[in-house]
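Accompanying notes for the structure given below.
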Amino acid sequence: MEKILVPIDFSKKSEYASKMAARIAKKSNSVVYLLHMIELPTGVVDMGASSKFSIPESMLYLRKVRERMLEFKEKFFHKKTEVNHIIKLQNPHEGILKYADKINADLIVMGSKGHSNFEEILIGSNTEKVVRTSKVPVIVVKRDNEKFRMRNLVFASSFKNEDKKAVFKKFLDFANHFKSEIHLLKVNTPSRFESTQEATEKITNFIKDFDLPKYSINIYNDATINKGILNFSKDIDTDLIALSTHGRSGLSHIFSVSVTKTLSKKALKPILTIRV
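Taking the numbering used here, I'd label the letters of the sequence shown as residues 1 to 276.
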C-alpha cells in the first residue's frame with residue numbers, strides 16, 4: 001500500500017476520513033493525496049468577455065482552498081507522512097476515479113454521513129458512486145473515533161466464487177499492516193440457509209491457500225444479510241467491516257453492490273469495499 005487518495009470538502013466527514021488515512025499511512029508508510037474537487041455549475045463553459053466568470057475572484061477562492069488544504073495537512077497528518085494536495089475542476093465522482101487511476105492509488109478513504117435524505121443528496125451519492133465503480137479498494141468513514149484501532153476486522157462473504165479470493169488477497173494485504181485479528185463471517189438467512197458444518201467447510205476450503213494471521217470462522221443467522229453483518233459486527237465490537245462489491249445493481253450475487261450500498265448507509269463502523 002503505497003498511495004492513499006483522500007477526497008475532501010472540508011466538512012466533518014472529511015476530517016474523519018483524513019484521520020483514518022493518517023493512521024493507515026503511518027502504519028503502512030504510504031504517501032497521501034488530498035484531493036478537493038470543484039464542480040462548475042452546468043453551462044459554465046465560455047469564459048470569454050460575456051461570461052460572469054471572474055478570474056480575480058476565482059484565483060482568490062483557489063488560494064483560500066489551498067490554505068485550507070494545508071491546514072488539513074498540518075492538523076491531521078504526522079510530519080513524517082508525505083502529503084500532497086490537489087485541486088481539480090471536475091464532477092466529484094468522475095474526478096475522484098480519474099485521479100485515482102492517474103496516480104495508481106492503492107486505497108481511497110472517503111467520509112460519508114447519509115443520516116438524512118438531504119445529506120444523502122449532497123454528500124452520500126458521490127461516495128456511493130465511487131464505492132460502486134472504483135477499481136481501487138474504498139474505505140467509507142462515518143464518524144470520528146479517537147481510540148480507533150485496527151484490532152478486529154470482519155470479512156463478510158458468501159465464500160463461493162474464485163473471484164472473491166482475489167478480493168480476500170487484497171483484504172489480507174490491508175490487514176497485515178495492522179496485525180489484526182480477522183473474523184471470517186458467513187451470514188445465513190431463511191432463504192439462503194446452510195448448516196454450520198457446510199458453511200464452515202466452505203470457508204475452510206476458501207482460505208486453505210492463504211497464510212492467515214489470527215482468525216476466527218463465524219456462521220451467523222439473521223433475517224437478512226445486512227442485519228447479520230451489522231449485528232455480528234456490533235456483537236464483537238469490530239473496528240472495520242470488509243465487503244466485496246460487483247459494481248452492478250441487482251442481487252445476482254449474494255454480496256452485490258446493493259448489499260454494500262445499504263451497509264454504507266447504515267453502518268457506523270468504517271467499511272472497506274473491494275470490487276471484484
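Where a beta carbon is used, it is the ideal one built from N, C-alpha and C, also for glycine. A quick note: this is a predicted structure, and the numbers were derived from the prediction, not measured.
For E194, the CB contacts under 7 angstroms within the same chain, skipping 5 residues up- and downstream, are N188 in chain order.
The beta carbon of A105 lies closer than 6 angstroms to those of K3, L5, V136 in the same chain, with the five residues before and after it left out. Annotation: the continuous beta strand (DSSP E) that includes V138 extends over 138–141. Annotation: the continuous beta strand (DSSP E) that includes P7 extends over 3–7. The closest CA to that of N84, considering only I103, K269, T224, S11, is found on I103. With 16 or more other Cβ atoms inside 10 Å of its own Cβ, K186 counts as buried. Counting only residues of its own chain and dropping the five nearest sequence neighbours on each side, S14 has a CB closer than 7 angstroms to the CB of I8, G111. For H36, the enclosing beta strand (DSSP E) has its first and last residue at 31–38. Comparing C-alpha distances from S11 to each of R143, I24, M150, F171 shows the shortest one belongs to R143.
If you compare the alpha carbons of N218, I87, R275 with that of V154, the shortest gap goes to N218. Your pair N152 and D237 checks out as a contact, with CB atoms roughly 7 angstroms apart and the cut at 8 angstroms. If you draw a straight line from the Cα of T204 to the Cα of M1, it is about 27 angstroms long.
Within the DSSP bridge table, the entry for A156 names L185 as partners. By the criterion of a C-beta distance shorter than 8 angstroms, R66 is surrounded in its chain by H85, I87, once the five residues flanking it on both sides are discounted. Around the beta carbon of Y61, fewer than 16 other beta carbons sit within 10 angstroms, so the residue counts as exposed.
A buried status is given to M20, since no fewer than 16 other beta-carbon atoms sit within 10 Å of its beta-carbon. CA-to-CA, the gap between N29 and K169 works out to about 20 angstroms. Bounds of the beta strand (DSSP E) holding M110 are 107–111.
If you draw a 10 Å sphere on the C-beta of P270, you find 16 or more other C-beta atoms in it, and that means buried. The distance from the Cβ of K73 to that of L97 is about 23 angstroms, inconsistent with a contact at the 8 angstroms cut-off. In the DSSP assignment, T245 falls within the unbroken beta strand (DSSP E) covering 240–245.
DSSP lists L34 as the beta-bridge partner residues of H85. As far as DSSP is concerned, N176 takes part in no beta bridge.
Distance from the CA of A242 to the CA of S180, rounded to the nearest whole angstrom, comes to 13 angstroms.
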